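Right, one structure below, let's go through it.
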């Protein structure tokens with residue numbers, strides 16, 4: 028009778044070990060899948076940011092070109108006014124009365140004022156060009172740095188993606204190995220719970236009297252049963268399979284040792 032109890036206890040512990048290993052594996056596969064799904068989103072976000080910076084650079088460049096065109100136009104106007112002044116000065120040599128002289132001098136004064144205003148505007152526009160060129164240079168440096176950052180970020184993401192594919196292959200192989208060690212009914216229960224609960228966590232370690240991720244503590248009686256490890260316990264509130272923290276830590280260490288060892292052997296590098 029005592030031997031049967033020991034056998035049952037060992038069987039239950041083994042089941043808990045297997046289920047928790049499956050949980051660790053499936054949680055890691057979930058992380059890899061989420062990462063894979065988020066890669067395009069992250070890259071698109073970075074490229075959109077780069078495109079916005081590129082558009083701002085283009086707008087500043089076009090603004091500089093537009094100001095230079097305005098300066099050219101103002102220089103033409105100055106040249107036109109200077110030619111008019113020469114023309115009026117020449118006409119002054121042949122004036123017939125004071126009225127004509129007054130008219131010509133007024134026109135000359137007006138054109139000189141136009142030249143003065145145009146030069147003042149040109150001066151201001153040159154300042155605007157200088158200011159925009161400084162802004163352009165700073166934004167161009169930021170753009171080039173961002174472009175280089177995105178280039179390296181893509182390389183980094185692709186490297187992680189490649190590593191994750193190898194790791195995922197090994198994880199799936201381990202998952203199959205563990206799945207073969209328990210009966211199909213228990214495996215179905217595990218998968219059913221996993222599909223139903225938040226974050227796919229079907230096997231939850233109990234820490235400080237409550238299942239990990241839950242604020243509702245289990246009863247002292249259930250906790251006592253849990254640490255005895257003589258039967259599988261389901262949390263009434265979260266619906267998860269419970270495992271005591273000590274056993275969970277043991278399996279977690281084995282899990283990490285196994286994958287670290289395989290990394291050193293370049294199986295998932």
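In the working numbering, the protein residues as written are 28 to 296. Backbone N, C-alpha and C fix where the C-beta goes; we use that ideal spot for every residue, glycine too. Just so you know, these numbers come straight off a predicted model, no measurement behind them.
Item, Value
"Sequence-distant residues of the same chain with beta carbon closer than 8 Å to residue 231, five excluded per side", "238, 239, 240, 241, 262, 265, 267, 268, 269 and 270"
"Helix, strand or coil at residue 30 according to DSSP, with G and I counted as helix", "Confidence is the limiting factor: at residue 30 the pLDDT is only 41, short of 50, which leaves the residue's position unreliable and the question unanswerable from this model."
"Cβ neighbours of residue 138 in the same chain (closer than 6 Å, five flanking residues each side left out)", "108, 111 and 112"
"Residues bridged to residue 262 [DSSP beta-bridge criterion]", "BP columns for residue 262 are empty, so no partner."
"Helix, strand or coil at residue 269 [DSSP, three-state]", "strand"
"Spatial distance of residue 96 from residue 149 (CA atoms)", "11 Å"
"Residue 233 Cβ short of 6 Å to the ligand MG heavy atom set", "Among the components modelled here there is no ligand, and therefore nothing to report on the ligand MG."
"Backbone CA spacing between residue 185 and residue 203 [nearest angstrom]", "27 Å"
"Rounded C-alpha distance that separates residue 43 from residue 178", "45 Å"
"Contact under 7 Å by Cβ, residue 234 with residue 272", "yes"
"Own chain, CB closer than 8 Å to residue 56, minus 5 neighbours either side, in chain order", "195, 198, 199 and 202"
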